[in-house]
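Using my numbering, count along the sequence shown one by one with no gaps and you end on 1081. Below is one structure; the comments refer to it alone.
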Amino acid sequence: MQFTQLLAGGLILAASLSAFAQRPNTTNYDESKVGNLPLPDPLTCADGSKVTDAKTWQTKRRAEVFGLFQTHVYGRSPAKPANLVFEVTKTEPKALGGTATRKEIAIYLTGKKDGPRLDLLVFVPNGVKGPVPAFLGCNFNGNHAVHADPTITLNPRWMRNSQDKQGVVNNRATEASRGSEASRWQVEMVIAKGYALATYYYGDVEPDHAEGWKDGLRAAMSKGGASTQFAPDAWGAIGAWAWGLSRGLDYLEKDKAIDAKKVAVIGHSRLGKTSLWAGASDERFGMVISNNSGEGGASISRRDFGETIAVLNKNFPHWFCGNYKQYTGHPENLPVDMHELAALAAPRPLYIASAQEDTWADPKGEFLAGKLAEPVYALFGKKGTGVAEWPAVNQPVGESIGYHVRSGKHDVTAYDWEQYLRFADKHFKR
Ligand code: GCU
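Quick look at the structure:
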């Protein structure tokens, strides 16, 4: 099978395998017990030949690796619809005390006004010679949660009930949820640095629960609607959310204030898995940022540390494609691992961030995905993380592959944004 061809001659270690088998229901946080499963080699083609130049990566191997992620992890997403409709529904030229122009854009995803729609919130800095680079990412709690500005439209759709007082009652946002996610977006900081910020609520595309697809884009775009039986390699929710990010970029390409070649796709946690997949799927994104994306995102799946594929499949069966279920308890059979997802960003700048206390996400595994993507960046003459070892806490590193492990918990903080802005300044050369 494909997997053995990808192993670059490695054999699966029986001892490591049994470590996995013995621990199906507990979480390992002991580095000495992560196992030693050999990783697939991004530079060995399916036919066994080696990739030694950028051209072979781009014309041959990249498509193989991408295809494996489609088939086994995130599923296949449909192409861009021909009849996408954008409608600017609100414009405030003097937002944020006059420092930014704020727009809301309805994107009708199947072209029909009564069909699925996502609402993009865009802040563009005023008084900056444009077009400007931008960050684009999904938010968890609605556009109104990204900033406390009371004129941002309150999202009317289903959302997860708040565990931490986010003002969501009976699965609907209330006025109390305004700005509840503001610390994760740092809008003022981004605007002050001369960048635009664009975001949409991921639940516009698909409500985040196992049956959510029936009320979302995946049903709307399937012939069978809410009765669809998905093929085992059809898109899951992450695929749908990532697809929505590409539609956001479709809009940004049409907005003259934005330099659409300099759009960084960004996301936190499950939405960091989403930004990695969006960046892999859509090479128009000029930069890819993963914040604490964890298992099924940047973390190496073959490391038994923190969350596992088994836990993902059990708790979030709708996120990945049907085929991903086969790898419950068997990461060693997955024909790819997440350093290859990181490599799909190449040669574009990639930033992976971890948090020290976010052990569930396996911070070291997140670092290793970036580190082990370096051979692919090297094909393009690009230096990756620039370090041999996992860096110390609060010591950002990296050339084309940025990385830091921040002190503190699973979150997006001002510190994280400072690093992303510095990285963007370096690569978007302004
Ligand atoms: C859970 C899940 C993670 C995910 C996180 C989040 O913790 O297990 O995989 O990244 O939620 O999205 O906040």
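Backbone N, C-alpha and C fix where the C-beta goes; we use that ideal spot for every residue, glycine too.
Here histidine 723 is buried. Its C-beta has 16 or more other C-beta atoms within 10 Å.
Our two residues, arginine 712 and lysine 684, have alpha carbons roughly 32 Å apart in a direct line. With a contact defined as Cβ atoms closer than 8 Å, tyrosine 853 and isoleucine 758 miss out at about 14 Å.
Valine 797 and arginine 829 have their C-alpha atoms roughly 8 Å apart. Its chain contains Met938, Ser1051, His1078 as the residues whose beta carbon lies nearer than 6 Å to that of proline 1000, once the 5 sequence neighbours on both sides are disregarded; these appear in chain order. Annotated three-state conformation of histidine 990 is helix, per DSSP.
Between tryptophan 886 and cysteine 789, the C-beta spacing is not below 8 Å.
Distance between glycine 980 and alanine 961, taken at the CA atoms: about 6 Å. When the alpha-carbon of threonine 804 is set against those of Asn792, Ser813, Asn812, Arg811, the nearest one is in Asn792. The residue from Pro986, Glu904, Lys731 with its alpha-carbon nearest to that of leucine 787 is Glu904.
Cβ-Cβ distances below 8 Å link tyrosine 680 to Phe956, Gly957, Thr1010 in the same chain, with the five nearest sequence neighbours on each side left out; the list follows chain order. Counting only the Cα atoms, valine 736 lies some 5 Å from glycine 762. Cβ-Cβ separation between leucine 688 and valine 987: approximately 13 Å, too far for a contact (criterion under 8 Å).
Taking the Cα of histidine 969 as reference, the smallest distance to any Cα among Arg921, Ser944, Ala994 is reached at Arg921. Alanine 996 sits away from methionine 840, with the two beta carbons spaced by 8 Å or more. Put simply, the backbone Cα of tyrosine 975 is about 8 Å away from that of asparagine 964. For aspartate 906, the closest alpha carbon among the candidates Val775, Thr879, Ala697, Thr703 is that of Val775.
Classified as exposed, glycine 875 has fewer than 16 neighbouring CB atoms from the shown chains inside 10 Å of its CB. It is roughly 17 Å from the alpha-carbon of serine 873 to the alpha-carbon of aspartate 855.
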